[in-house]
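Going by the working numbering, the sequence shown opens with residue 874, and the numbers climb by one from there. Backbone N, C-alpha and C fix where the C-beta goes; we use that ideal spot for every residue, glycine too. Notes for the one structure printed next.
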Amino acid sequence: MMVKFLRYLFFLLVVYPVVHIILGLNVRNRHLLPTTGPAILAANHNSHLDTAVLMALFPLHLVSKVRPVGATDYWFSKPSTAWFSRNIMGIIPIDRERTEKGVDPLTPSYEALAQGDILIFFPEGSRGEPEQLADFKAGVTLLAEKFPEAPVVPLFMYGMGKAWPKGTKLFVPFFCHVVVGQPMHWEGERLGFMRRFKAQMRQLAAASNFPLWQ
(Lines of atoms letter the chains of each structure in order from A and count residues from 1; the text may use other names and numbers.)
(Lines give C-alpha, C1' and ligand atoms only; values in the text may rest on other atoms or scores of the structure.)
Protein backbone atom coordinates (compact mmCIF):
# COMPACT_ATOMS: atom_id res chain seq x y z
CA MET A 1 0.00 0.00 0.00
CA MET A 2 2.83 2.42 0.87
CA VAL A 3 4.61 1.73 -2.44
CA LYS A 4 1.40 2.38 -4.36
CA PHE A 5 0.95 5.66 -2.49
CA LEU A 6 4.54 6.71 -3.26
CA ARG A 7 4.02 5.92 -6.92
CA TYR A 8 0.88 8.06 -7.13
CA LEU A 9 2.65 10.85 -5.25
CA PHE A 10 5.63 10.77 -7.61
CA PHE A 11 3.43 11.04 -10.69
CA LEU A 12 1.19 13.69 -9.18
CA LEU A 13 4.00 15.93 -7.92
CA VAL A 14 6.79 15.23 -10.41
CA VAL A 15 5.84 13.51 -13.66
CA TYR A 16 2.59 15.31 -14.49
CA PRO A 17 3.93 18.83 -13.74
CA VAL A 18 7.16 18.23 -15.70
CA VAL A 19 5.38 16.79 -18.74
CA HIS A 20 2.31 19.02 -18.91
CA ILE A 21 3.62 22.31 -17.53
CA ILE A 22 7.41 22.55 -17.85
CA LEU A 23 7.77 20.52 -21.05
CA GLY A 24 4.52 21.36 -22.79
CA LEU A 25 2.74 18.59 -24.67
CA ASN A 26 0.33 18.45 -27.58
CA VAL A 27 -1.57 15.16 -27.89
CA ARG A 28 -3.56 14.33 -31.02
CA ASN A 29 -6.21 11.60 -31.12
CA ARG A 30 -6.08 11.05 -27.36
CA HIS A 31 -9.43 9.27 -27.60
CA LEU A 32 -7.68 6.35 -29.33
CA LEU A 33 -5.66 5.51 -26.21
CA PRO A 34 -6.81 2.30 -24.47
CA THR A 35 -8.65 2.67 -21.17
CA THR A 36 -8.28 -0.99 -20.18
CA GLY A 37 -5.83 -3.79 -20.83
CA PRO A 38 -4.48 -5.91 -22.21
CA ALA A 39 -3.16 -3.40 -24.72
CA ILE A 40 0.20 -2.45 -26.24
CA LEU A 41 1.43 1.08 -26.92
CA ALA A 42 4.18 0.92 -29.56
CA ALA A 43 6.17 4.14 -29.98
CA ASN A 44 9.38 5.50 -31.48
CA HIS A 45 12.15 6.07 -28.94
CA ASN A 46 14.57 9.02 -28.96
CA SER A 47 14.78 10.38 -25.43
CA HIS A 48 15.08 9.81 -21.69
CA LEU A 49 11.66 11.49 -21.51
CA ASP A 50 9.72 9.03 -23.66
CA THR A 51 8.61 6.67 -20.90
CA ALA A 52 7.46 9.41 -18.55
CA VAL A 53 5.63 11.27 -21.33
CA LEU A 54 3.69 8.18 -22.39
CA MET A 55 2.74 7.33 -18.81
CA ALA A 56 1.61 10.92 -18.26
CA LEU A 57 -0.99 10.48 -21.03
CA PHE A 58 -3.06 8.40 -18.62
CA PRO A 59 -5.09 9.55 -15.60
CA LEU A 60 -3.72 8.86 -12.14
CA HIS A 61 -6.09 5.99 -11.41
CA LEU A 62 -4.64 4.03 -14.37
CA VAL A 63 -0.96 4.60 -13.56
CA SER A 64 -0.60 1.29 -11.76
CA LYS A 65 -1.87 -0.57 -14.88
CA VAL A 66 0.49 1.15 -17.34
CA ARG A 67 3.73 -0.85 -17.52
CA PRO A 68 6.71 0.33 -19.58
CA VAL A 69 9.12 -2.29 -20.91
CA GLY A 70 12.72 -1.23 -20.21
CA ALA A 71 16.22 -2.61 -20.65
CA THR A 72 17.47 -4.56 -17.64
CA ASP A 73 21.02 -3.20 -18.01
CA TYR A 74 19.73 0.39 -17.88
CA TRP A 75 16.85 0.41 -15.40
CA PHE A 76 18.05 -2.35 -13.07
CA SER A 77 21.82 -1.81 -13.06
CA LYS A 78 21.95 -0.75 -9.38
CA PRO A 79 19.89 -1.78 -6.34
CA SER A 80 18.62 1.77 -5.76
CA THR A 81 17.54 2.36 -9.36
CA ALA A 82 16.14 -1.17 -9.57
CA TRP A 83 13.79 -0.53 -6.62
CA PHE A 84 12.64 2.78 -8.13
CA SER A 85 12.22 1.27 -11.59
CA ARG A 86 10.22 -1.70 -10.38
CA ASN A 87 8.06 -0.10 -7.69
CA ILE A 88 7.59 3.53 -8.73
CA MET A 89 7.82 3.41 -12.52
CA GLY A 90 6.47 -0.13 -12.84
CA ILE A 91 9.15 -1.06 -15.38
CA ILE A 92 9.03 -4.55 -16.89
CA PRO A 93 12.64 -5.72 -17.45
CA ILE A 94 13.81 -7.02 -20.80
CA ASP A 95 17.28 -8.32 -21.63
CA ARG A 96 18.51 -6.71 -24.85
CA GLU A 97 20.84 -9.65 -25.41
CA ARG A 98 19.81 -13.23 -24.75
CA THR A 99 22.03 -14.68 -22.04
CA GLU A 100 20.38 -18.10 -21.69
CA LYS A 101 19.38 -20.41 -24.48
CA GLY A 102 15.66 -21.14 -24.57
CA VAL A 103 14.74 -18.18 -22.36
CA ASP A 104 12.27 -15.78 -23.98
CA PRO A 105 13.14 -12.19 -22.92
CA LEU A 106 9.51 -11.20 -23.50
CA THR A 107 8.16 -13.57 -20.82
CA PRO A 108 7.66 -10.79 -18.19
CA SER A 109 5.78 -8.78 -20.83
CA TYR A 110 3.55 -11.75 -21.59
CA GLU A 111 2.78 -12.06 -17.88
CA ALA A 112 1.84 -8.38 -17.63
CA LEU A 113 -0.51 -8.63 -20.62
CA ALA A 114 -2.04 -11.80 -19.16
CA GLN A 115 -3.02 -9.85 -16.04
CA GLY A 116 -4.59 -7.06 -18.08
CA ASP A 117 -1.90 -4.37 -18.06
CA ILE A 118 -1.27 -1.70 -20.69
CA LEU A 119 2.26 -2.17 -22.03
CA ILE A 120 4.50 0.64 -23.26
CA PHE A 121 6.84 -0.92 -25.81
CA PHE A 122 9.57 0.59 -27.97
CA PRO A 123 9.97 -1.60 -31.08
CA GLU A 124 13.30 0.02 -31.97
CA GLY A 125 14.78 -1.59 -28.86
CA SER A 126 16.87 1.36 -27.67
CA ARG A 127 16.98 5.13 -28.00
CA GLY A 128 18.06 6.44 -31.37
CA GLU A 129 19.25 9.80 -32.62
CA PRO A 130 16.86 12.76 -32.16
CA GLU A 131 13.93 12.54 -34.56
CA GLN A 132 15.44 9.63 -36.48
CA LEU A 133 13.67 6.30 -36.81
CA ALA A 134 15.76 3.16 -36.27
CA ASP A 135 14.92 -0.31 -37.54
CA PHE A 136 12.03 -2.05 -35.81
CA LYS A 137 12.71 -5.35 -34.09
CA ALA A 138 10.31 -8.30 -34.03
CA GLY A 139 9.21 -7.91 -30.39
CA VAL A 140 6.00 -5.98 -31.06
CA THR A 141 4.94 -8.60 -33.61
CA LEU A 142 5.59 -11.43 -31.15
CA LEU A 143 3.51 -9.67 -28.49
CA ALA A 144 0.63 -9.17 -30.93
CA GLU A 145 0.79 -12.81 -32.01
CA LYS A 146 0.83 -14.08 -28.42
CA PHE A 147 -2.07 -11.82 -27.38
CA PRO A 148 -4.27 -11.31 -30.47
CA GLU A 149 -7.00 -9.80 -28.28
CA ALA A 150 -4.72 -6.93 -27.26
CA PRO A 151 -4.81 -3.91 -29.59
CA VAL A 152 -1.45 -2.50 -30.67
CA VAL A 153 -1.64 1.30 -30.68
CA PRO A 154 1.10 3.05 -32.73
CA LEU A 155 2.31 6.37 -31.30
CA PHE A 156 4.53 8.86 -33.05
CA MET A 157 6.46 11.18 -30.71
CA TYR A 158 8.20 14.32 -31.89
CA GLY A 159 10.34 16.78 -29.95
CA MET A 160 11.44 14.62 -27.01
CA GLY A 161 14.72 13.91 -28.78
CA LYS A 162 15.43 17.63 -28.80
CA ALA A 163 14.25 18.25 -25.23
CA TRP A 164 16.45 15.53 -23.74
CA PRO A 165 18.43 13.53 -26.32
CA LYS A 166 20.39 10.37 -25.73
CA GLY A 167 23.85 10.92 -24.30
CA THR A 168 23.15 14.27 -22.61
CA LYS A 169 22.26 15.22 -19.04
CA LEU A 170 20.77 18.60 -19.95
CA PHE A 171 16.97 18.89 -20.11
CA VAL A 172 15.75 21.74 -22.33
CA PRO A 173 12.02 22.61 -22.26
CA PHE A 174 10.81 22.09 -25.82
CA PHE A 175 7.20 21.81 -26.93
CA CYS A 176 6.59 18.17 -27.83
CA HIS A 177 3.97 16.23 -29.73
CA VAL A 178 2.39 12.80 -29.40
CA VAL A 179 0.18 11.50 -32.21
CA VAL A 180 -1.91 8.42 -31.44
CA GLY A 181 -2.67 6.09 -34.34
CA GLN A 182 -5.53 3.73 -35.02
CA PRO A 183 -5.32 0.52 -32.97
CA MET A 184 -4.03 -2.47 -34.91
CA HIS A 185 -4.95 -6.11 -34.42
CA TRP A 186 -3.19 -9.35 -35.18
CA GLU A 187 -4.29 -10.86 -38.50
CA GLY A 188 -2.23 -14.02 -38.46
CA GLU A 189 0.94 -13.07 -40.34
CA ARG A 190 4.13 -11.50 -38.92
CA LEU A 191 5.55 -9.78 -41.99
CA GLY A 192 2.18 -8.29 -42.88
CA PHE A 193 1.71 -6.97 -39.35
CA MET A 194 5.12 -5.31 -39.36
CA ARG A 195 4.50 -3.74 -42.77
CA ARG A 196 1.19 -2.29 -41.53
CA PHE A 197 2.83 -0.97 -38.37
CA LYS A 198 5.68 0.74 -40.25
CA ALA A 199 3.25 2.25 -42.74
CA GLN A 200 1.04 3.69 -40.02
CA MET A 201 4.02 5.19 -38.16
CA ARG A 202 5.12 6.99 -41.33
CA GLN A 203 1.58 8.14 -42.02
CA LEU A 204 1.34 9.61 -38.52
CA ALA A 205 4.52 11.59 -39.14
CA ALA A 206 3.47 12.77 -42.59
CA ALA A 207 -0.06 13.75 -41.59
CA SER A 208 1.28 15.83 -38.72
CA ASN A 209 3.54 17.91 -41.01
CA PHE A 210 6.63 16.86 -39.11
CA PRO A 211 9.87 16.17 -41.02
CA LEU A 212 9.93 12.64 -42.36
CA TRP A 213 12.70 10.28 -41.32
CA GLN A 214 15.47 9.81 -43.81
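Grab me the residues of residue i's own chain with a C-beta within less than 6 angstroms of its C-beta, minus the 5 sequence neighbours each way, in chain order.
i, result
"residue 989", "910 and 911"
"residue 1052", "901, 1029, 1077 and 1081"
"residue 880", "961"
"residue 991", "907, 910, 912, 938 and 939"
"residue 941", "924, 964 and 993"
In this structure, how does DSSP classify residue i when only helix, strand and coil are distinguished?
i, result
"residue 926", "helix"
"residue 914", "strand"
"residue 1024", "coil"
"residue 1032", "coil"
"residue 875", "helix"
"residue 898", "strand"
"residue 921", "coil"
"residue 893", "helix"
"residue 1058", "coil"
"residue 883", "helix"
"residue 1086", "With a pLDDT of 44 at residue 1086, under the threshold of 50, the modelled position of that residue is not reliable, and no figure is offered here."
Quick check: the Cα distance between residue i and residue j, rounded to an integer number of angstroms?
i, j, result
"residue 1015", "residue 962", "24 angstroms"
"residue 1088", "residue 944", "Beyond the ends of the chain as shown, which are 874 and 1087, falls residue 1088; an answer cannot be given."
"residue 1070", "residue 900", "20 angstroms"
"residue 1050", "residue 1018", "29 angstroms"
"residue 932", "residue 918", "22 angstroms"
"residue 924", "residue 892", "11 angstroms"
"residue 897", "residue 964", "24 angstroms"
"residue 974", "residue 895", "45 angstroms"
"residue 1079", "residue 1009", "18 angstroms"
"residue 921", "residue 1012", "21 angstroms"
"residue 926", "residue 1032", "11 angstroms"
"residue 1068", "residue 1056", "15 angstroms"
"residue 1048", "residue 936", "23 angstroms"
"residue 934", "residue 907", "14 angstroms"
"residue 1072", "residue 882", "38 angstroms"
"residue 938", "residue 913", "12 angstroms"
"residue 947", "residue 1062", "32 angstroms"
"residue 953", "residue 981", "21 angstroms"
For residue i, which residues from the same chain have a beta carbon less than 7 angstroms from its beta carbon, with the 5 sequence-adjacent residues on both sides left out?
i, result
"residue 841", "Nothing can be reported for residue 841: it is not among the residues displayed for the chain, which extend from 874 to 1087."
Among residues of its own chain, excluding the 5 on either side of residue i, which ones have a beta-carbon nearer than 8 angstroms to its beta-carbon?
i, result
"residue 1058", "1017, 1021, 1024 and 1025"
"residue 915", "994, 995, 996, 1013, 1025, 1026, 1027, 1028 and 1070"
"residue 903", "930 and 1053"
"residue 890", "none"
Is any heavy atom in the ligand ADP found nearer than 8 angstroms to the beta carbon of residue i?
i, result
"residue 952", "Because no ligand of any kind appears in the structure shown, any question about the ligand ADP cannot be addressed here."
contact_flag[the segment 879-889, the segment 976-994] where n(CB pairs < 8 angstroms) is 3 or more: When Cβ pairs closer than 8 angstroms are counted between the two stretches, the segment 879-889 is seen not to touch the segment 976-994, the count staying below three.
Inter-stretch contact (C-beta, 8 angstroms, three-pair minimum) for the segment 874-881 and the segment 1010-1029: Fewer than three beta-carbon pairs drawn from the segment 874-881 and the segment 1010-1029 are found closer than 8 angstroms, and the two stretches are therefore not classed as touching.
Within the segment 936-1021, ranges of the beta strand (DSSP E) (whole runs, at least 3 residues): Every beta strand (DSSP E) stretch that sits fully inside the segment 936-1021 and reaches 3 residues is listed by chain position as 939-944, 965-967 and 991-994.
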